[in-house]
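A.B. asks:
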Amino acid sequence: MVNYQKNQKDISLKIKEARKLFILSCEIVVLNFLSILPVTAATEEPVLSVVYGQENANQWRGISDRLQATGVKYCVISLNDVKSGADWGDRRVLFLPNVETLTPTQAIALEDWMSKGGRLIASGPVGSLSSPGVRQLLRSLLGGYWGFSLSDTEQIQAAKTRIPEWANQTGLFGKVRGGVVIPNDMGTESVAVWNSKDSPAAVVTTERSTFLGWRWGTDTASAAELDNAWLKTTINHYLTALAPSNRTKKIPGGSQSCSTTVAAAPSAPGGTGAGGQGSRGAEGQRGSSSPLSPSLTPPKTATAPISRPLPIVKPPSSQEAIDQLEQAVRLDVAPNSNEPIDNNQAIALQQELENLIGRVESAHLAVLADAANVGETISEGEGKQFSRDLNTPQSLKEQPIQLASTKLGALAISKDQVLAQARLIAKNLPQLIAQKNYALARQQWLTAKTTLWQQFPVDRKLAQPEIRAVWLDRGTIVRAGSKAGLAQIFDRLAQAGINTVFFETVNAGYTIYPSQVAKEQNPLIRGWNPLEEAVKLAHERDMELHAWVWTFAAGNQRHNEILNLNPNYPGPVLAAHPDWANYDNLGNMIPVGQTKPFFDPANPEVRQYLLKLYEEIVTKYKVDGLQLDYIRYPFQDPSAGRTYGYGKAARAQFQKLTGVDPVNISPSQADLWQKWTKFRTEQVDSFVAQVSQQLRQKQPNLILSVAVFPLPELERIQKIQQNWETWARRGDVDLIVPMTYALDTSRFQRLAQPWIASKQLGATLLVPGIRLLSLPTIGTFDQLQLVRDLPVSGYALFAAENFSNDLQKLFNSTQGRIQSTTSEPIPLRQPFQTAAIRYTALQREWKFVFQNDQRPRPSQKISDFNNQAEVLHSALNQLAASPSASKLLVARASLTRFQSQFRVLMSQEIKSNSYQVKVWENRLVTIERLLRYGERRLQLRPL
């Protein structure tokens, strides 16, 4: 009876809601039929604010023509002027057409403005070039985000929606070139979809916002009539939802100023209007009166390529370059979704679950083997995950290992039960998918992943000697404020087991220290020398300090904002030497959609300046290493008509070599274009070699590392002219750090594993980069466990700014320092000692498994295994104690022989736990790489 009454009440509410929607839709249909906007009919006041910014400057003519055709009264807001919620204006509706970059300040201001009743319309990949935090906030405000661009023009069609006005307007639907909008799960409705597979969303709406999935106002994307229909209908949708008396009300606290034009109308591409960059015209609306530097006059005009007609230039990518990589390998599992799962997805889901089971078991084995070796107490039966019949030695007293679930305050459950349940789910996934029970398959997969994450051991040391690096960013250094503040940061990192710090030393053209070479120390640093103090603090804690420098990136618009400088300010070096600047094919120092001007690597004066600066760093300060960041050109897309590298020196040199000015060639001229690409790539290659040779002469023990993009080699050379495999093979660098940033372990593995497995790096080591931003603590641990299971010698965390207290507690337990008389070796400095210790840990794991496995084994097989393992153990220990070419030869021969027989010796374990056997093989490969690196590093060559 209660359920019946509840159902009747629900039906009654739905009828009332339907009546309201019907009345509302009738009102809108009438208004649209008469082409009258409600507010315009009642008042002459503007009802709409339209945002003008860098990304839509070259589209502004089309945007303004369409706005005028709609008859809507509007005001123009310069994005550069927005610093608070009031700056978004007091009009009820705001339109963001094709604005891809918002600062955190602007995004927070937008949230504040919308909370006071503002309604938002956005089009194109809005905010997609912003920082991750801004993109996350915009997803919430917009009800979704730009997923990816469609390759062809597609038909927009009505979706099944509860809001009739969207479906009743025939003018809203037609052919459009755009992208898929990914709606949020809650409170978002798709009102138009693309006529393609799975009918992905083209327009999504919420109570407060509407997101159009194409670049509104551009003829290449859509017809003017369709654009106008969507804008008018959307404005009507929000204004008619208000009572008539409220439709003219303003947003409380919003600015009343209203400009109907931009300060300077944008010119054609390559011109000097408002959309220009660098020395080609003021950007935005701040005007030329904005200071370029507290102590500098406006820079001289630099030499840029003369603009010329080009094919249609496609807009830049809708995402940050580093995030595109993650999107390309993402494995999203939406809860409760019954969308079909294809065969490839099914295999990926099953494999990832099996891999996660393997990582949990591998972590526990490392803990148990170490505990048994030092006589610590462990719980009975903890080895059962490796064999069903394992028995824990009776000499080990029962003491439960603390799991992530108990650390987080969750209900503790049996690890063995969780593992068994997860195996069953992985086994049954194909059957559920074959039965088209997609929602249940996803739910079970997510449940298994969550409970497995909770089984990681988080209170015992399990890490072996490895590179544990962190990027210590400028913002964190500035906030430290003094040596005492910096000491607290180094204390935290040291306690957490971090042994290598990449200390941001040159950023946006500024040095963090007072330099005799650079033009200006970072203005945010006052009265102290962070680099000098950092070197002392690191060495007092047995940590390495590597100076992290921006190489060819000369400035940063976001840094200008912090310093309250003109966005066009190219940084102190280019301001003093404008002829050192680089340019894109339209004459922009900063490519559209990006934020940094670059030096011309072909300019001899640039190269000499940077070499002199780096020499100052490595000789005046006792840094252990130098890391080159931005050792590349800016991102380009030659197929879309976006290229870069047309600095004065580069053009002159290339013309001398080929007789052709590179601004006059295009990718369609295959032979010339290949020469132009090779020329630019060689500028970077030769500079890395020059840095390596010159600095090692000054400091032979210097470690040289590079932060690089993990794009496929050919694509990387075409897009950023970064050929780091060559640097590794030549021995120019000691360490490659690919920025393999991902928010889950499966994506991280897909990004990192190809480079970890690469055989193109010679004796150079590689450690993957992990971005901490938005990554849950246990998710970070999972990625680290994957690193430890792969053939790699460590990791690098980006960045100290996101190094949370929870992460530190976990690190303190699992990899933190143990009080002892000897410090743990760092692979970059003591590769042979590292190899010996890591191998000893491997032996402990084998011993633990064999001792606790009651299955019968041929005694001769066990004896052979132990004999070969001991021969290798002895060879590695002798090499570590007293390195020599002859001992290295013996160690490598012993390792090669042992590796060739390993799978035969482990044939029984392969059947019961193939993942763990592969982990052991990977760790042997890591030892092999450490020997190769040590041979080059210590220059050990057999006679």
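Each residue of the sequence shown is one higher than the one before, counting from 117 in our numbering.
Ideal placement from N, C-alpha and C gives every residue a C-beta, glycine not left out.
1. Measure how close the beta-carbons of residue 314 and residue 182 come, nearest whole angstrom, since I'm counting them as under 8 Å.
2. Check whether the Cβ atoms of residue 803 and residue 769 sit closer than 9 Å, and answer yes or no.
3. Given that a residue counts as buried once 16 or more other Cβ atoms are within 10 Å of its Cβ, and exposed if not, what is residue 372?
4. Can you find at least 3 beta carbon pairs, one from the stretch 834-843 and one from the stretch 690-697, that sit closer than 8 Å?
5. Going by alpha carbons, who is nearest to residue 864 out of 251, 356 and 472?
6. Mind checking which residues open and close the alpha helix (DSSP H) that includes residue 660?
7. Taking residue 240 as the reference, give the member of 262, 717, 292 and 749 with the closest Cα.
8. What residues are listed by DSSP as bridge partners for residue 375?
9. Rounding to the nearest angstrom, what Cα-Cα distance links residue 258 and residue 324 in this structure?
10. Going straight from the alpha carbon of residue 716 to that of residue 274, what length do you get?
11. My output table needs one value for residue 153: the three-state DSSP class, helix, strand or coil.
12. Using CA coordinates, which residue listed in 858, 816, 871 and 867 is at the minimum distance from residue 852?
13. Short check: CB of residue 486 to CB of residue 957, under 9 Å?
14. In whole angstroms, what separates the C-alpha of residue 243 from that of residue 628?
15. Short of 7 Å in beta carbon distance, which residues of its chain neighbour residue 580, apart from the five on each side in sequence? Order them along the chain.
16. Kindly give me the distance between the Cβ atoms of residue 306 and residue 296, rounded to whole angstroms, as I take these residues to be in contact under 8 Å.
17. Give the single residue among 1001, 590 and 714 whose Cα lies nearest to the Cα of residue 689.
18. Should residue 172 be labelled buried (16 or more other beta-carbon atoms within 10 Å of its own) or exposed?
19. Just to confirm before moving on: does the CB-CB distance between residue 221 and residue 189 stay below 9 Å?
20. Threshold first: 4 residues or longer. Then list the alpha helix (DSSP H) segments lying entirely within the stretch 746-780, N to C.
21. Quick check for students: name the residue ranges of the beta strand (DSSP E) that lie wholly in the stretch 810-890, counting only runs of 3 or more.
22. So which of 622, 645 and 709 has the shortest CA-CA distance to residue 666?
23. I'd like the span of the alpha helix (DSSP H) that includes residue 674, first residue to last.
24. In whole angstroms, give me the CA-to-CA distance for residue 740 and residue 766.
25. Do you know how far the Cα of residue 458 is from the Cα of residue 145?
26. Name, in chain order, the residues that DSSP records as bridge partners for residue 700.
27. Any chance you could list the beta strand (DSSP E) runs of at least 3 consecutive residues sitting entirely within the stretch 215-302, in chain order?
28. Quick one: Cα of residue 906 to Cα of residue 169, how far?
29. Skipping 5 residues on each side, what residues in its chain have a beta carbon closer than 6 Å to that of residue 287?
30. If we count the other Cβ atoms within 10 Å of its Cβ and call it buried at 16 or more, is residue 642 buried or exposed?
31. When the Cα atoms are used, what is the spatial distance from residue 900 to residue 911?
32. Looking at the strands, I want to know which residues DSSP matches up with residue 587.
33. Among 246, 951 and 1010, whose alpha-carbon lies nearest the alpha-carbon of residue 987?
34. Given that a residue counts as buried once 16 or more other Cβ atoms are within 10 Å of its Cβ, and exposed if not, what is residue 934?
35. Here's the rule I'm using: 16 or more other beta-carbon atoms within 10 Å means buried, otherwise exposed. How should residue 773 be labelled?
36. Taking the alpha-carbon of residue 291 as reference, which of 340, 256, 255 and 246 has the nearest alpha-carbon?
C.D. replies: Working from what's here:
1. In fact, because the Cβ distance is near 30 Å, the residues do not count as touching under 8 Å.
2. no
3. exposed
4. no
5. 472
6. Unbroken run through residue 660 is the beta strand (DSSP E), 660-666; no alpha helix (DSSP H).
7. 262
8. 192
9. 8 Å
10. 50 Å
11. Confidence at residue 153 is low in this model, with a pLDDT of 41, below 50, so the placement of that residue is unreliable and no value is reported for it.
12. 871
13. yes
14. 30 Å
15. 953, 954 and 957
16. Not a contact, Cβ separation roughly 11 Å.
17. 714
18. buried
19. no
20. 764-774
21. 819-824, 851-854 and 885-887
22. 622
23. 673-678
24. 33 Å
25. Summary for residue 145: the model assigns pLDDT 38, below 50, so the residue's position carries little reliability, and this model does not support an answer.
26. 760
27. 235-239, 260-265, 270-274 and 295-299
28. 46 Å
29. 345
30. exposed
31. 8 Å
32. 618 and 914
33. 1010
34. exposed
35. exposed
36. 340
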